[in-house]
Amino acid sequence: MISQPPLDSSIQEEIKKKFDQIKKDLDKFKDLLLKDYRKNLVGVALLPPKQIDKNFQPLYPGEKPEVVDKDAIDVLVLLSNPADKKVNKYDFADKVSIEAGKMVKDVNDKIKPQVLLLDELKENCFDGKYELLKLIAMGATIYDPKDFLAAIRIAEVHKSMVLRKFDKYIVSYVAAGSLFRGDKKSNDIDVYVVVDDTDVKRMSRFELKDKLRAIIIGQGSEASRVTGVNKQFHVQTYILTDFWESVKDANPVIFTFLRDGVPLYDRGVFMPWKLLLKMGRIKPSSEAIDLQMDLGEKLLERTRGKLLSVVGEDLYYAMLNPAQAALMLYGLNPPTPKETINLLREIFVQKEKILEEKYVKNLEEIRKYYKDIEHGTVKDVKGAEIDRLLKGANEYLQRIKKLFTVLETRFDTKKMKDVADEVESSAKELLEFYEVKSADINSGLKKLLQEKKISKKQFERYVELKDMRKKKMNKAESQKIRRVAKIFIKNAGQNIQSRKSGQIENSSFLIKHGDKKSRLYLFENVMFIVAEGNEKKDVMRVGISKNSFEEAKKVDIKEFYDYISEIRNPKIGEITEKHIKELEKVLGKKVSLSMMGFK
18 MISQPPLDSS IQEEIKKKFD QIKKDLDKFK DLLLKDYRKN LVGVALLPPK QIDKNFQPLY
78 PGEKPEVVDK DAIDVLVLLS NPADKKVNKY DFADKVSIEA GKMVKDVNDK IKPQVLLLDE
138 LKENCFDGKY ELLKLIAMGA TIYDPKDFLA AIRIAEVHKS MVLRKFDKYI VSYVAAGSLF
198 RGDKKSNDID VYVVVDDTDV KRMSRFELKD KLRAIIIGQG SEASRVTGVN KQFHVQTYIL
258 TDFWESVKDA NPVIFTFLRD GVPLYDRGVF MPWKLLLKMG RIKPSSEAID LQMDLGEKLL
318 ERTRGKLLSV VGEDLYYAML NPAQAALMLY GLNPPTPKET INLLREIFVQ KEKILEEKYV
378 KNLEEIRKYY KDIEHGTVKD VKGAEIDRLL KGANEYLQRI KKLFTVLETR FDTKKMKDVA
438 DEVESSAKEL LEFYEVKSAD INSGLKKLLQ EKKISKKQFE RYVELKDMRK KKMNKAESQK
498 IRRVAKIFIK NAGQNIQSRK SGQIENSSFL IKHGDKKSRL YLFENVMFIV AEGNEKKDVM
558 RVGISKNSFE EAKKVDIKEF YDYISEIRNP KIGEITEKHI KELEKVLGKK VSLSMMGFK
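Mapping of the sequence shown onto our numbering: residues 18 to 616, in sequence order.
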């Protein structure tokens, strides 16, 4: 393969200037369009250059392929219908096309505007002509106030992903929602994918729908990322049998979908139903009408139930939980709902005098509603009453927030003292473990730093923490200090545990007795014999005092773990002939060391 030589810098500069000039010209053209047709201008897009049709075959003798101007700058101008219903929309489009042709002569006569009504673009889709959609997706957006072109771009990218993955199962890919209806304001992009499930054999239809839905929605997220379109991209997935049932049952959602949807891909499923609906051939059955009528009654009953639920559960717990939280912050165990009201009054109103009685009564009132609804004595609640209760609940919550601030300020000092005590205790444990004696903790830790037994960062954390009792801190500073303290305490514990684990490992010996192996852990005052390759982990404990041995005892493995976790600074024993003889006595076999010698 022959590599191409790099472009000369002068050529690169020339190309850049050419593109910059084209961009300026397109912006000028756009501004001229906006000046006269702002209300109707849906979008302006630079389309990819036209390609020579290499597969052209003449329909009659002498017919030649379309001549392609390589220097042409093809631009799509997309319009909405004129506001005046008396004006023919196609005459309006022709007028704009003529005016656009005049505009480009004063800007750049290489710009070739293609004026198209939004309705014409939709008609192309209804007729199964999707070529222009692909060109828009590959083109560059010049003007797109409603993100319609962005919607086409993301839908085309997503559609290609879906078809490449599932091909024969996709029967329709339809754009719908407010954006494709042409509403003035739209916050999202909605597409619907209809999947053929009629020949599914290896899984249930539910499994197919669930599986495909997850993948197709995931591809939607990927399409959003690839295109950089910021609007919410919503993907709905229907299986064909459900779609048919919804049409048959006159589901209003499906009727709206058929009426307003624009197919971006269709294999003869969506458009026939859309045309049948337009012809009036799809009509709700009497059963479907009755179903919708019954649904109205059920939804009304459900609404009543929701209103009761707002008072009976949502409002009650919205007020109860913060009250319980305040009592827990005070230092009490989580109280029951019944206890909460009494404790709120006794502690904060009567004892501490930091809450007014009326707020306790607010909670009492909402609890009474909750109980009355639960027992069925209240079966309905008016909107005005809910408004009153909501207002009272809001005032109550604002007051509880202030109560929280008072309690946090009061108890923060105590909490910080507890944190300081923990930090000091952890630092002393480090000094004690390494047997460092010093006038103060700071100089002791400095010595450990010099001996490289703690890190510089760990020492700096202690320096930051040591005066925390004396400092007055706001909430953010307090939270930062607590985080630092948590890290210091954790690292101190890990330091001790790591060194201790190393010491314990050094005190262990692999011993053989007969055809078995055990691990011997030898400390100053005790030795443990832990069987190897034994799921039950049989353990023998032998106490040692002045070189004499106590009677061996079989103990639970937990006792061994408890010993090594609680021992502060293990004194490693030295194995001797006496230890070997004692081991042979306990194990009843000749003992040999696998790795180490002995004295």
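Where is the CB? At the ideal position from N, CA and C, for every residue including glycine.
- Contact check for Gly-329 against Ile-390 passes: the beta carbons are separated by less than 7 Å.
- The way I'd put it, the stretch 167–186 does touch the stretch 241–255; three or more beta-carbon pairs between them come closer than 8 Å.
- Taking a C-beta distance under 7 Å as the contact criterion, Val-94 and Pro-130 qualify as a contact pair.
- In this structure Pro-352 touches Leu-344 by the C-beta definition: roughly 6 Å separates them, less than 8 Å.
- Secondary structure at Ile-234: helix, using DSSP grouped into helix, strand and coil.
- For Pro-162, there is no enclosing beta strand (DSSP E), as DSSP gives it neither H nor E.
- For Gly-409, the closest of Tyr-333, Asn-350, Glu-140 by C-alpha to C-alpha distance is Tyr-333.
- For Thr-258, the uninterrupted alpha helix (DSSP H) segment begins and ends at 257–265.
- Taking 7 Å as the cut-off, the Cβ atoms of Val-132 and Ala-157 do not count as close.
- A straight line joining the alpha-carbon of Lys-300 with that of Asp-283 spans about 23 Å.
- Using a Cβ distance threshold of 7 Å, Ile-504 and Glu-439 do not count as a contacting pair.
- Within the DSSP secondary-structure output, Met-544 pairs in a beta bridge with Leu-539, Val-559.
- By a beta-carbon distance limit of 8 Å, Ser-535 contacts Val-547. Their separation comes to about 6 Å.
- The count of Cβ pairs closer than 8 Å, one atom from the stretch 108–127 and one from the stretch 62–76, stays below three, leaving the stretches out of contact.
- With contacts defined by Cβ atoms closer than 7 Å, Ala-154 and Glu-173 form a contacting pair.
- Residue state for Gly-60 is assigned as strand, using DSSP reduced to three classes.
- Counting only runs of 4 or more residues that sit fully inside the stretch 113–152, the alpha helix (DSSP H) segments are 135–143, in chain order.
- Per DSSP, Leu-332 lies in no beta strand (DSSP E) and is assigned neither H nor E.
- Taking 7 Å as the cut-off, the beta carbon of Met-288 is found no closer than this to the beta carbon of Gln-236.
- Going by beta carbons, Ala-335 and Leu-361 fall outside the 7 Å limit.
- By the neighbour-count criterion, in which a residue is buried when 16 or more other Cβ atoms sit within 10 angstroms of its Cβ, Tyr-578 is exposed.
- Residue range 374–392 is occupied by the alpha helix (DSSP H) that includes Val-377.
- At a Cβ-Cβ threshold of 7 Å, Leu-482 and Ala-509 do not count as neighbours.
- For Ile-256 against Asp-214, the beta-carbon gap comes to about 4 Å, under 8 Å, which counts as contact.
- In this chain, the alpha helix (DSSP H) harbouring Ile-271 covers 269–277.
- From the listed residues Asp-216, Lys-470, Glu-568, the smallest Cα separation to Leu-604 is found for Glu-568.
- The C-beta separation of Asn-125 from Asp-42 comes to about 4 Å, placing the pair in contact by the 8 Å criterion.
- Secondary structure note for Asp-91: its beta strand (DSSP E) is the uninterrupted segment 90–96.
- A check of alpha carbon separations from Phe-540 across His-530, Ser-525, Asp-532, Gly-285 identifies Ser-525 as the nearest.
- Taking every protein chain shown into account, the CB of Thr-357 has 16 or more other CB atoms within 10 angstroms, so this residue is buried.
- In the three-state DSSP reduction, Val-480 falls in the helix class (H, G or I).
- When DSSP states are grouped into helix, strand and coil, Ile-458 belongs to the helix group.
- Between Lys-35 and the set Val-210, Asn-57, Lys-127, the nearest pair of CA atoms involves Lys-127.
- Secondary structure note for Ser-582: it is in no beta strand (DSSP E), and the uninterrupted alpha helix (DSSP H) holding it is 574–583.
- Secondary-structure assignment with DSSP links Thr-254 through a beta bridge to Val-210.
- Counting only the Cα atoms, Arg-500 lies some 50 Å from Val-395.
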